[in-house]
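Enquirer: There's a structure below that I have some questions on.
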Amino acid sequence: MSDVVVVESPAKAKTINKYLGSGYTVLASFGHVRDLPPKDGSVRPEQDFEMDWAADDRGSRQIAAIAKALKGAKTLYLATDPDREGEAISWHVRAMLADRHALKGVDVRRITFNEITRNAVRYAIAHPRDLDQPLIEAYMARRALDYLVGFTLSPVLWRKLPGSRSAGRVQSVALRLICEREAEIEAFRPREYWTVEAQFTTPAGAPFTARLTHLDGKKLDQFDLNTAELANRAKAAVEAGTFTVAGVERRRVKRNPPAPFTTSTVQQEASRKLGFGAQQTMRLAQGLYEGVDIDGDTVGLITYMRTDGVQMAREAISAIRDHVKAEYGTPYLPGAPREYSSKAKNAQEAHEAIRPTDVALTPERVARYLNPDQRRLYELIWKRAVASQMQSAELDQVTVEIADPARPKGPRLRATGSILAFDGFLKLYREDKDDTAEGEAEDENRMLPPMAERDPLRRGEVLADQHFTQPPPRYSEASLVKKMEELGIGRPSTYASILSVLQDRKYVKLDKRRFMPEDRGRLVTAFLTSFFERYVDTGFTASLEEQLDDISGGRADWRAVMRAFWEEFSRAVDQTKDLKISDVISALDQDLGPHFFPPRDDGSDPRSCPACGKGRLGLKLGRHGSFVGCSNYPNCQYTRRLGMDGGEEAGETLKEGMRELGHHPDTGEPITVRRGPYGVYAQQGEQVPDSKTKPRRTSLPRGVDGDTLTLEQALGLLSLPRNVGTHPETKEPIEAGIGRFGPYVKMGGVFASLDKDDDVLSVGLNRAVDVLARKLASVRTLGPHPADKEPVLVRKGRFGPYVQHANTVANVPRDVMMDDITIAQAVALLAEKGKQLKPRGGRKATAKAAKAAPKTATETAPNKAAAPKKAPARKATAGKAAPKKAAPTKAAARKPAAKKPAAKKPAARKSAAPGASDKAAG
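Residue numbers for the sequence shown, in full-length UniProt numbering: 1 to 922.
This is the structure in structure tokens:
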């Protein structure tokens with residue numbers, strides 16, 4: 001039997017299988033095979049941080065496939081990625097296989113390779129090692145920290161600051177950086193200053209420009225000329241003089257090439273040069289690392305892309321130097337190989353820098369095998385690595401001093417310029433910079449004509465220009481990653497996911513490729529800074545990263561680090577139990593007052609209520625989030641929503657409570673768009689007093705803006721559901737509408753949710769059929785029920801397959817597959833274990849609603865099938881006591897059905913799962 005090799009991705013498995021041949025079976029784990037369940041109690045500090053791990057269906061399937069392949073094998077090679085996350089995945093795979101008793105007689109070895117090439121893979125197979133226990137413990141500590149911070153701090157946020165989403169250990173610090181930069185910009189007050197420049201011509205007739213630097217025998221500082229009057233006086237002094245060259249200084253400077261890429265620097269440079277986001281850069285780099293098809297052979301083009309090391313293998317340096325000499329000549333090759341060391345705080349340098357696996361695979365040679373984005377990123381990586389071993393560039397910098405010989409204390413001017421004497425590495429690569437100062441690049445490339453001391457100059461036009469100081473720039477993805485790396489917070493593999501989570505939580509938004517904090521993000525930061533300042537402090541977070549690095553290096557015990565952290569953190573959380581909402585409001589109002597109440601142009605009080613003129617505006621917290629309200633409440637009911645909470649999920653920014661769009665063409669009723677407690681909606685007509693009939697209403701789907709909604713769009717939404725067409729095979733009508741879970745298409749009793757990119761008002765028949773086909777793959781009609789001839793269905797639910805007849809459902813036993821159940825078995829299950837689906841309205845449902853359950857059952861089908869009856873089981877699996885009033889027989893009946901999916905129940909809230917944001921991406 002062949003030995004088994006486990007890697008992370010199927011693409012990598014395919015490539016490595018070609019390199020190793022028939023004596024090996026290469027399988028993919030598809031990343032992590034198990035994780036901490038997103039529920040309370042997964043990490044238990046009271047039991048010295050014991051953890052519960054749970055596998056999802058995909059992970060279980062992959063482990064089962066690996067266990068099957070191991071039958072008869074002698075060796076299992078764990079070849080996951082060569083970093084902390086890769087070591088953890090190997091540990092999880094081994095543990096799950098051991099639980100299945102699949103490792104009897106199997107030698108388990110760990111192998112790593114920094115590049116996917118034939119030689120690297122075969123060398124790794126020949127030099128295996130054991131699992132790195134300190135690296136695994138560092139992973140466990142990091143995962144436990146992120147979990148405990150998220151699942152402890154986030155509930156405090158939800159209780160004390162309605163409308164907030166979650167808090168993360170590193171995510172919250174990155175958010176604070178963005179918010180503090182925005183506060184700096186808002187507090188910035190521009191200062192006026194002037195510069196005076198004069199045009200000159202040399203004796204040979206060559207023109208150039210010089211700037212005034214001295215006046216009245218004194219060197220001018222930036223703000224010495226801060227008014228037009230002073231600038232004009234200086235201009236007049238220059239115009240009154242006769243100038244010569246007082247001195248010429250020439251010096252040659254060298255500029256060394258930058259180091260080859262690390263994870264953070266490739267993200268920064270790809271953002272600056274290519275406009276790629278961090279997530280996009282890492283996704284493209286992953287594909288280049290795993291390999292592309294070149295002439296029928298899969299070739300890994302770059303080394304491993306999650307690294308903070310800047311060194312390269314000797315063989316790679318030698319190959320690059322040979323290429324430089326052959327391609328550019330000896331003058332471009334330095335006398336000795338260049339050595340680099342990382343300047344980043346806490347750099348591990350455990351792996352090589354990101355470089356091409358074979359320098360002979362030039363961007364021109366492989367361009368036809370790559371898509372445009374892959375080609376651009378590969379070219380960037382290839383050029384940076386090659387340039388790092390090239391000769392330095394040399395520049396001649398010239399400074400010319402200009403004075404009036406007749407006036408020793410008269411005005412003096414200066415002209416500067418640079419001439420590229422030898423291009424060196426600049427022939428191949430030029431690094432971009434963040435937020436280059438105005439005129440810096442221009443001065444660097446400005447060339448001055450030949451001049452000598454005492455040369456007379458002919459003065460031309462003199463200009464006095466007004467300027468204003470500029471606020472610090474907002475962070476771009478590149479500059480934020482650079483700042484986080486400099487501070488030592490986060491790790492290279494986490495940067496992309498952190499930036500993504502901040503946007504997903506709507507804490508920040510990207511505007512012109514710069515991060516701007518949303519009101520929600522600023523409120524969360526103000527809250528955490530006021531009450532958990534230590535845990536969003538960059539210094540504390542960086543010191544914690546150092547402790548985690550000590551664990552991975554075997555210099556610290558991970559449980560001791562966790563105990564020290566948890567003791568102080570839990571105490572800080574306990575102190576907020578008695579925190580009053582009024583205290584929260586007071587702290588937020590004080591911190592964010594200048595933001596929400598900026599100075600008015602007319603100088604009046606920015607907090608004066610515009611409605612009553614008597615009250616004072618202040619920050620308020622309501623059930624659905626934060627808002628601005630008048631202190632004269634209830635006499636004055638003026639409110640102003642912030643740019644967060646409530647209906648922003650639909651993308652609306654409706655500034656007033658209601659906006660009239662027009663009138664219905666048939667009934668003449670007014671069509672309005674309004675803001676309610678659960679978001680923005682369109683309404684037809686008005687509520688008639690003392691009438692139980694409500695006007696027709698519909699929520700706005702995601703992506704529709706309440707401020708820009710048109711009458712035509714509103715009429716279309718109010719007319720839903722609409723007929724899309726007839727299914728070409730079943731001949732049943734298909735409808736499109738908006739339900740409790742968003743836009744959908746419906747055929748008979750089968751609902752299918754539309755994607756966020758689908759427009760419910762214009763979705764066509766072909767698209768509807770395609771969406772329903774995917775849904776129907778999880779639904780099978782068994783036949784008519786013998787009692788009433790209504791169809792009996794078997795469906796794939798979140799917690800396993802179940803059978804349904806009208807509004808009655810029953811779980812399918814674990815040992816029965818969905819495709820194997822018969823109509824007879826289904827009828828028996830429904831009779832024995834059938835449960836009624838709850839009607840809409842929950843606890844307020846009436847007997848009348850219960851009678852209408854058959855219709856409601858189909859309406860609840862798309863995303864919530866069989867879920868209502870399992871809700872109590874979630875509490876049991878979360879480790880909480882069952883409700884005192886619950887009947888013992890019901891609890892016993894529910895327990896077996898809920899046992900299998902217990903770890904999956906909270907997954908529906910994973911988008912807001914605290915702690916998930918700081919989990920390493922690789």
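Where a beta carbon is used, it is the ideal one built from N, C-alpha and C, also for glycine.
1. Taking C-beta to C-beta, are residue 477 and residue 271 nearer than 8 Å?
2. Using only the alpha-carbon positions, how far apart do residue 824 and residue 706 sit?
3. Find the nearest neighbour of residue 532 within the set 573, 312, 337, judged by alpha-carbon distance.
4. Give me the Cα-Cα distance between residue 448 and residue 209, rounded to the nearest whole angstrom.
5. Which term fits residue 877, buried or exposed, when burial requires 16 or more other beta carbons within 10 angstroms of its beta carbon?
6. Any chance the region 479-488 sits against the region 198-214, with 3 or more Cβ pairs inside 8 Å?
7. Leaving out five residues before and five after residue 612 in sequence, what residues of the same chain have Cβ atoms less than 6 Å from its Cβ?
8. If you run the structure through DSSP and keep just helix, strand and coil, what is residue 760?
9. Helix, strand or coil, according to DSSP, for residue 418 in the structure here?
10. Tell me the start and end of each unbroken alpha helix (DSSP H) in the region 765-852 that is at least 4 residues and wholly inside, in chain order.
11. I'd like the list of long-range same chain contacts for residue 321, defined as Cβ closer than 8 Å, with 5 residues on each side in sequence excluded.
12. Alpha carbon to alpha carbon, how far is residue 109 from residue 80?
13. In whole angstroms, give me the CA-to-CA distance for residue 227 and residue 194.
14. Terminal residues of the continuous alpha helix (DSSP H) containing residue 501?
15. By how many angstroms is the C-alpha of residue 217 removed from the C-alpha of residue 244?
16. Any idea what DSSP makes of residue 6, helix, strand or coil?
17. Okay, do the region 484-498 and the region 534-550 touch, 3+ Cβ pairs below 8 Å being the bar?
18. Quick one, which of 496, 487, 499, 552 has its alpha-carbon nearest residue 541's?
19. Taking only three categories from DSSP, how would you classify residue 194?
20. Considering residue 328, what are the terminal residues of the alpha helix (DSSP H) in which it resides?
21. Given this structure, state the Cα-to-Cα distance separating residue 647 from residue 154, to the nearest angstrom.
22. What distance in whole Å lies between the Cβ atoms of residue 626 and residue 617, which are believed to be in contact at a cut-off of 8 Å?
23. Quick check: the Cα distance between residue 923 and residue 269, rounded to an integer number of angstroms?
24. Less than 8 Å separating the beta-carbons of residue 734 and residue 698?
25. In or out: residue 887 buried (at least 16 other Cβ within 10 Å) or exposed?
26. To the nearest angstrom, how far is it from the Cα of residue 473 to the Cα of residue 601?
27. On the premise that residue 306 lies in contact with residue 3, defined as a C-beta separation below 8 Å, what is that separation, rounded to the nearest angstrom?
28. For residue 867 and residue 799, I'd like the C-alpha separation in whole angstroms.
29. Considering only residues of the same chain and omitting the five flanking positions on each side of residue 302, which have a CB-CB separation below 8 Å?
30. How do the region 497-509 and the region 167-187 stand: do at least 3 beta-carbon pairs fall below 8 Å, yes or no?
31. Pull up the distance between the alpha-carbon of residue 587 and that of residue 352, whole angstroms please.
32. Since residue 424 and residue 398 should fall inside the 8 Å C-beta cutoff, what is the C-beta to C-beta distance between them, to a whole number of angstroms?
33. If we call anything under 8 Å between Cβ atoms a contact, is residue 300 one with residue 112?
34. Identify whether residue 238 lies in helix, strand or coil by the three-state DSSP scheme.
35. Mark residue 314 as exposed unless 16 or more other C-beta atoms lie within 10 angstroms of its C-beta, in which case mark it buried.
36. Which residue wins for smallest C-alpha separation from residue 782, given the options 66, 792, 775?
Expert: Once the coordinates are examined:
1. Yes, the Cβ-Cβ distance between residue 477 and residue 271 is below 8 Å.
2. Rounded to the nearest whole angstrom, the C-alpha separation of residue 824 and residue 706 is 52 Å.
3. Residue 573 is the option with its Cα nearest to residue 532.
4. Rounded to the nearest whole angstrom, the C-alpha separation of residue 448 and residue 209 is 9 Å.
5. Note that residue 877 has pLDDT 38, beneath the 50 cutoff, so the model's placement of it is unreliable and no number is given.
6. Short answer: they don't touch.
7. In its chain, beyond the 5 residues on either side, 632, 636 have a beta carbon closer than 6 Å to the beta carbon of residue 612.
8. It is coil, neither helix nor strand.
9. Note: residue 418 maps to strand in three-state DSSP.
10. Counting only runs of 4 or more, we get 765-776, 823-833, 847-851.
11. Beyond the five residues adjoining it in sequence on each side, residue 321 comes within less than 8 Å, by CB distance, of 333, 337, 389 in the same chain, given in chain order.
12. One alpha carbon belongs to residue 109, the other to residue 80, and they sit about 11 Å apart.
13. Taking the CA atoms as reference points, residue 227 sits about 7 Å from residue 194.
14. In this chain, the alpha helix (DSSP H) harbouring residue 501 covers 495-504.
15. Rounded to the nearest angstrom, the two C-alpha atoms are 17 Å apart.
16. Strand.
17. They touch, by the three-pair rule.
18. If we check each option's Cα against that of residue 541, 487 comes out closest.
19. Residue 194 falls in the strand class under three-state DSSP.
20. Counted as a single uninterrupted DSSP element, the alpha helix (DSSP H) harbouring residue 328 occupies residues 314-328.
21. Caution is warranted here: a pLDDT of 37 is assigned to residue 647, below 50, making its placement in the model unreliable, and the coordinate value is therefore given only provisionally. C-alpha separation (whole angstroms): 21 Å.
22. That pair is no contact at about 13 Å.
23. Outside the modelled stretch of the chain, which goes from 1 to 922, sits residue 923, for which no answer is possible.
24. The answer is no: Cβ separation not under 8 Å.
25. Residue confidence is low: residue 887 scores 42 on pLDDT, short of 50, so the model does not pin down where it sits. Its coordinate-derived value is still stated next. With fewer than 16 neighbouring CB atoms inside 10 Å of its own CB, residue 887 falls in the exposed class.
26. Just so you know, the alpha carbons of residue 473 and residue 601 end up roughly 24 Å apart.
27. No, residue 3 and residue 306 are not in contact; Cβ-Cβ is about 27 Å, not under 8 Å.
28. Because residue 867 sits at a pLDDT of 39, beneath the cut-off of 50, its placement in the model cannot be relied upon, and the following sentence gives the value as read from the coordinates. Going by the C-alpha atoms only, they are around 8 Å apart.
29. The residues are 115, 285, 288, 289, 354, 355, 356, 357, 378, 381.
30. Judged by Cβ distances under 8 Å, the region 497-509 makes contact with the region 167-187, as three or more pairs qualify.
31. The alpha-carbon atoms of residue 587 and residue 352 are separated by roughly 47 Å.
32. Not a contact, Cβ separation roughly 19 Å.
33. Taking 8 Å as the Cβ cut-off, residue 300 and residue 112 do not qualify as a contacting pair.
34. Correct three-state label for residue 238: helix.
35. Residue 314 should be labelled exposed.
36. Proximity to residue 782 across 66, 792, 775 peaks at 792, based on C-alpha coordinates.
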